[in-house]
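First the structure, in the form of structure tokens, and then the observations on it.
Residue numbers (this note's numbering): 38 to 220.
Put into structure tokens, the structure is as follows:
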């Protein structure tokens, strides 16, 4: 199987990335809808309009997962951004033209997206540990939440590798443009 062009491995990857991309948007939409329900449910309860909230909604709002939802939405947005940039790179590979300026920019954007995702991951662990500790909520199953810092070297290596690849693509694009000008 060829790697570039129509009917290639790149086109298969593009299809898979398209599926993941639209699934991520669906999950983001659902999570955002849940945030809206949480906000309006809280306002509904505070202002005392109508009858009490249904018990299923009250039980959901009492879960610890609700604390993590805004951070999860931001992390999903970062992943969606990275997948979108990968889709755009695959489109140029399918067209048979990988050395274009946009791919260099996409690779740099992917590196930034991975870095943002990692920073959100660190922030989420800290915030959740702090909130659970401050609220004094017991954790299901008797597990303990111990705030600890763990550096994901693989992800940070990927950030550095993407930045290097972005420069390689930028240089390849420059060399290709120079080659077009020579006779």
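Beta carbons: idealized from backbone N, C-alpha and C, even for Gly. Note that the structure is a prediction, hence the values are computed from the model and not measured.
Check, Outcome
"Residue 87 versus residue 162: straight-line alpha-carbon distance, rounded", "Any reading at residue 87 is ruled out, since the residue's pLDDT is 49, under 50, leaving its predicted position unreliable."
"Contact under 7 Å by Cβ, residue 65 with residue 144", "no"
"Expected contact under 8 Å - CB spacing of residue 110 and residue 152 to nearest Å", "That belief does not hold up - the Cβ atoms of residue 110 and residue 152 are roughly 18 Å apart, past 8 Å."
"C-beta atoms of residue 123 and residue 47 nearer than 7 Å", "no"
"Residue 213 versus residue 39: straight-line alpha-carbon distance, rounded", "22 Å"
"Nonlocal neighbours in the same chain, by C-beta distance under 8 Å from residue 120, ignoring five residues either side", "54, 57, 58, 61"
"Which listed residue (106, 41, 45) has its alpha carbon closest to that of residue 73", "106"
"Residue environment, residue 206, which counts as buried when at least 16 other CB atoms sit within 10 Å", "buried"
"Straight-line Cα distance separating residue 164 from residue 141", "35 Å"
"Cα-Cα separation, residue 209 to residue 116", "27 Å"
"Straight-line gap, residue 147 to residue 190 (C-alpha atoms, nearest Å)", "17 Å"
"Spatial neighbours of residue 195 in its chain, beta-carbon cut-off 6 Å, leaving aside the 5 residues before and after", "151"
"Coarse secondary structure for residue 40, derived from DSSP in three states", "coil"
"Contact check, residue 156 vs residue 112, beta carbons under 7 Å", "no"
"Whole-angstrom C-beta distance between residue 128 and residue 217, which should lie under 8 Å", "22 Å between Cβ atoms; not a contact."
"Through-space distance from residue 215 to residue 70, alpha-carbon basis", "51 Å"
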